[in-house]
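Below is one structure; the comments refer to it alone.
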């Protein structure tokens, strides 16, 4: 099964790009590290729901 987080986030983190922009919009910039943190929080929440 394809894992978007592994392909898009983890691959860039492992290449040392944690603080590099992943998304930029007029209001803010989101880094790969920000995405990893948010992804882990969502995963943890889903696990706690069962």
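Numbering (the numbering used here), first residue to last: 73 to 122.
Glycine included, C-beta positions come from ideal geometry on N, C-alpha and C.
What residue ranges within the stretch 80–122 form continuous alpha helix (DSSP H) runs of no fewer than 4 residues, ordered along the chain? 83–86 and 104–121
Could you check the C-alpha separation between residue 107 and residue 121 for me, to the nearest Å? Sequence index remark: in the chain shown, residue 107 carries index 35 (1-based). Sequence index remark: in the chain shown, residue 121 carries index 49 (1-based). Going from the Cα of residue 107 to the Cα of residue 121 covers about 21 Å.
State the Cα-Cα distance for the pair residue 109 and residue 100, rounded to the nearest angstrom. The count along the chain shown starts at 1 and reaches residue 109 at position 37. The count along the chain shown starts at 1 and reaches residue 100 at position 28. Taking the straight line from one Cα to the other gives about 16 Å.
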